[in-house]
Amino acid sequence: MFKINYDALGITASVACAFHCAVLPLILTSLPIFGIDIIHNYLFEFGMIALAFVVGLYALYHGYKKHHHKFLPTLLFTAGISFLLLKEIFHDYHLWLLIPAVVLIVSAHYLNYRLCRKANHCHSGDCDHH
97 MFKINYDALG
107 ITASVACAFH
117 CAVLPLILTS
127 LPIFGIDIIH
137 NYLFEFGMIA
147 LAFVVGLYAL
157 YHGYKKHHHK
167 FLPTLLFTAG
177 ISFLLLKEIF
187 HDYHLWLLIP
197 AVVLIVSAHY
207 LNYRLCRKAN
217 HCHSGDCDHH
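Position 1, counted from 1, in the sequence shown is what this note's numbering calls 97; the numbers after and before it change by one each time, with no gaps.
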């Protein structure tokens, strides 16, 4: 049976977001000439943040509820999403807010992944893993 690793998907979405935010403006500065503006398109930006939030929250909830019961990954993830939202408000500090956002989000998924693999109590009385 095919299983989706939501932490890997969350990390991929975070890296794609970081790539979009950091590299895409440098490479694709000519897009406005063609009438395409995804660099400062707030709907696209908030859509990417929402995607990272939904995928990440699902992955972290699954790990928390069914494996490790630790809140730290969710705390790191929430801080990372907060930095992403702040970078949309404080444009002058875009890069200074983007870097910790990506580091926190990727760290949350990595920690969640490690905690899920380390959990040795699965299938015991307090574990909800089926």
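Don't be surprised by glycine CBs; every beta carbon is placed ideally from N, CA and C.
- Take the alpha-carbon of Ala112 and the one of Leu105: they are about 10 Å apart.
- Considered as a whole, the stretch 132-220 harbours 138-159, 168-185, 190-214 as its complete alpha helix (DSSP H) runs of no fewer than 4 residues, in chain order.
- By the C-beta criterion, the stretch 182-192 is judged not to be in contact with the stretch 152-171, since fewer than 3 inter-stretch pairs fall below 8 Å.
- The residue from Lys214, Ser203, Glu184, Val198 with its alpha-carbon nearest to that of Asn137 is Glu184.
- Residue state for Phe115 is assigned as helix, using DSSP reduced to three classes.
- Rounded to whole angstroms, the separation of the alpha carbons of Lys214 and Ala175 is 24 Å.
- The beta carbon of Lys166 sits closer than 6 Å to the beta carbons of Leu211 from its chain, once the five residues preceding and following it are set aside; these are given in chain order.
- The beta carbon of Met144 is closer than 6 Å to those of Cys113 in its chain, skipping five residues each way along the sequence.
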